[in-house]
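Single-structure report; data block below.
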Amino acid sequence: MKPVEILWFEDVNPFNEAVFGFPIIGKLSMRQMAILGIGALISWICYQASENFAALIPIGITAFLALKKQKVRPLEMQLFAVLMFYFGRKEKSSVKKAKNITKLQLKKKPGSSKLGFAEPFNPKLAIVGKEINVREIYADPLRPVRLKVKLERIEGKSISNRQTRIVFDGNVVSTLSTDNNGELEVIIIPQTLGKKKLQIFAEGMERPVFEEILSIKHL
444 MKPVEILWFE DVNPFNEAVF GFPIIGKLSM RQMAILGIGA LISWICYQAS
494 ENFAALIPIG ITAFLALKKQ KVRPLEMQLF AVLMFYFGRK EKSSVKKAKN
544 ITKLQLKKKP GSSKLGFAEP FNPKLAIVGK EINVREIYAD PLRPVRLKVK
594 LERIEGKSIS NRQTRIVFDG NVVSTLSTDN NGELEVIIIP QTLGKKKLQI
644 FAEGMERPVF EEILSIKHL
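Here it is as structure tokens:
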């Protein structure tokens, strides 16, 4: 195998020219002095914070980097190139992930991310009304009363994941959605004593799916 000779040229400029003479280590360039100065500053800060001799590690590393003879290009340029390559790859991967997320979002069907909540209220179907029951409630009429209600069809099937409109004493008090079991919690404030009607209308149904007369009595 024929040997191949490689010829390189050192980067000669005022910044890399050794002009500062020292008794033991010889001459140093401005680049080497700058690296040693940065290492000494870091070591001094670490020593002031911890008062540990481990703070001499930065000056030792920077001394090795500064005194090592560079044959191709300075080591700090190599480190800078490595950092640029790393951040460049990281930015490309983040852009690629963003594109994949956008594609997945476009492939989703309309309404697939609504987590069980129904569409806006729009009555369409009619069901047969149930017998209205009367419930006596002993409470302070000026304080909220919490009622747990389960909505079912005539055939006994629960009305689950439906948007409902709560009407109490002729006024709409809230809009809620039933859970997977067709249950919801209604909060009302009677304000006065006496009998008041509670009605719950479900999406797609013209008539109320739940009706009850609440007889409010004082404690």
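Numbered per this note's numbering, the sequence shown spans residues 444 to 662. Cβ atoms here follow ideal geometry from the backbone N, Cα and C, with glycine treated the same way. A quick note: this is a predicted structure, and the numbers were derived from the prediction, not measured.
Checklist entry - Buried or exposed: where does Met721 fall if 16 or more other Cβ atoms within 10 Å of its Cβ makes it buried? => result The structure shown does not extend to residue 721, since the chain is modelled only from 444 through 662, so no value can be given for it.
Item to check | Secondary structure, beta strand (DSSP E): runs of 3+ residues fully inside the region 613 to 645 | outcome: 614 to 620, 626 to 631, 637 to 645
Next on the checklist: On the criterion of 16 or more Cβ atoms from any shown chain inside 10 Å, does Val652 qualify as buried, or is it exposed?
Outcome noted: Stepping through the sequence shown from its first residue, residue 652 is reached at position 209. So Val652 ends up on the buried side.
Next on the checklist: Assess contact between the region 595 to 606 and the region 623 to 634, defined as three or more Cβ pairs (one per stretch) separated by less than 8 Å. Is contact present?
Outcome noted: yes
Item to check | Minimum C-alpha distance to Glu595 - residue among Thr618, Ala492, Ile643 | outcome: Along the sequence shown, one-based indexing puts residue 595 at 152. Among Thr618, Ala492, Ile643, the Cα nearest to that of Glu595 belongs to Ile643.
Checklist entry - Going by the CB atoms, is the gap between Ile478 and Thr505 shorter than 9 Å? => result Numbered from its first residue, the sequence shown carries residue 505 at position 62. Numbered from its first residue, the sequence shown carries residue 478 at position 35. In terms of Cβ geometry, Thr505 and Ile478 form a close pair [threshold 9 Å].
Checklist entry - DSSP puts Asn576 in a beta bridge; with which residues? => result For this step, residue 576 is matched to residue 133 along the sequence shown. Asn576 is bridged to Glu655.
Checklist entry - Using the beta-carbon count (16 or more within 10 Å), is Ala645 buried or exposed? => result Mapped onto the sequence shown, residue 645 falls at position 202. Answer is buried; the Cβ neighbour count reaches 16.
Item to check | Between the CA atoms of Phe530 and Arg586 - distance to the nearest angstrom | outcome: For the purposes of this step, residue 586 is taken as the residue at position 143 of the sequence shown. For the purposes of this step, residue 530 is taken as the residue at position 87 of the sequence shown. Straight-line Cα distance between these residues: approximately 60 Å.
Checklist entry - Buried or exposed: which applies to Ser486, given that a residue is buried once 16 or more other Cβ atoms fall within 10 Å of its Cβ? => result Within the sequence shown, residue 486 is the residue found at index 43, counting from 1. Burial call: buried.
Next on the checklist: Going by DSSP in three states, Gly503 sits in which element: helix, strand or coil?
Outcome noted: Reading the sequence shown from its first residue, position 60 is the one you call residue 503. The answer is helix: DSSP assigns Gly503 an H, G or I state.
Checklist entry - Where does Leu484 sit, in a helix, a strand or coil, going by DSSP? => result Counted from its first residue, the sequence shown places residue 484 at position 41. Helix, per DSSP.
Checklist entry - In terms of residues, what are the limits of the beta strand (DSSP E) holding Lys470? => result Here residue 470 refers to the residue found at position 27 of the sequence shown. Taken as a continuous stretch (DSSP letters only), the beta strand (DSSP E) holding Lys470 covers 469 to 472.
Item to check | Straight-line gap, Pro633 to Ala582 (C-alpha atoms, nearest Å) | outcome: The residue given as residue 633 occupies position 190 in the sequence shown. The residue given as residue 582 occupies position 139 in the sequence shown. For Pro633 and Ala582, the distance between alpha carbons rounds to 9 Å.
Item to check | Cutoff 8 Å; reference Gly637; Cβ partners in own chain excluding five residues on either side | outcome: The residue you call residue 637 lines up with position 194 of the sequence shown. Excluding sequence neighbours, Gly637 sits near Ser658, Ile659.
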